[in-house]
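**Student:** The sequence shown lines up with residues -18 to -1, 1 to 140 when you count with mature numbering (1 follows the signal peptide of the UniProt record, and there is no 0). Have a look at this one.
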Amino acid sequence: MRRSRVVALLAAGGFAVAGCSAPGPAEVTFYADGHTVNTTPVLTCDYSQQLAQPCSAKGSTQTLKVRPGKPVQISVPGEVAEAPWQIVYEYVTPQGEYKQSDPIPFTSLDRYAYTVTPPTPADRISAVDVQKYTAVLNSSTGESGLLPSDVWGLRLEA
């Protein structure tokens, strides 16, 4: 009888520990032309230490299919929305020319979604990057600024 209580306590403790594990990386959701994909960062940067290479590649860029003229909807979690972030996208014209958008910044700290629309109905979105920023301070010079801390990527095919 005593042994079964010990086993039950150990099992309950295992569930409690499993329930308290650290959350995974933040996911950004992309929706395009009837399909959805959740992505984790493809690049993360840590500026807390003086590293020669503060950024490292993590996952792989996800892919969706999208027709010309169709928008791409982006949903970000609180971890991203409550920090400065921006979107940069690339599109392809009917002539096959690739063009990059100007950055679209969000600094209100409460923007959880955005829809990227091609410049014309004949253009097709070909790539989207979501970039979360963090404030950094150069202790040597006293200068501060914003640098990307995480990047999520989506590639779109015809």
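Even for Gly, the Cβ is constructed at its ideal location relative to N, Cα and C.
#1: In angstroms with no decimal places, state the Cα-to-Cα distance between E61 and P50.
#2: Would a C-beta distance cut-off of 8 Å place P59 and E9 closer than the cut-off?
#3: What residue range is occupied by the uninterrupted alpha helix (DSSP H) comprising G16?
#4: Once the 5 residues before and after residue 163 are set aside, which same chain residues still bring their CB inside 7 Å of it?
#5: Sort out for me which residues DSSP pairs L136 with in a bridge.
#6: Please state if the CB of D111 and the CB of I69 are separated by a distance shorter than 8 Å.
#7: Which term fits L129, buried or exposed, when burial requires 16 or more other beta carbons within 10 angstroms of its beta carbon?
**Tutor:** Quick answer:
#1: The straight-line gap from Cα to Cα measures roughly 32 Å.
#2: yes
#3: Careful: G16 lies outside any alpha helix (DSSP H) and carries neither H nor E.
#4: Not covered by the structure: residue 163. The range shown for the chain is -18 to 140.
#5: DSSP output for L136 lists Q44 and V110 as bridge partner(s).
#6: In this structure, D111 lies closer than 8 Å to I69 by Cβ.
#7: exposed
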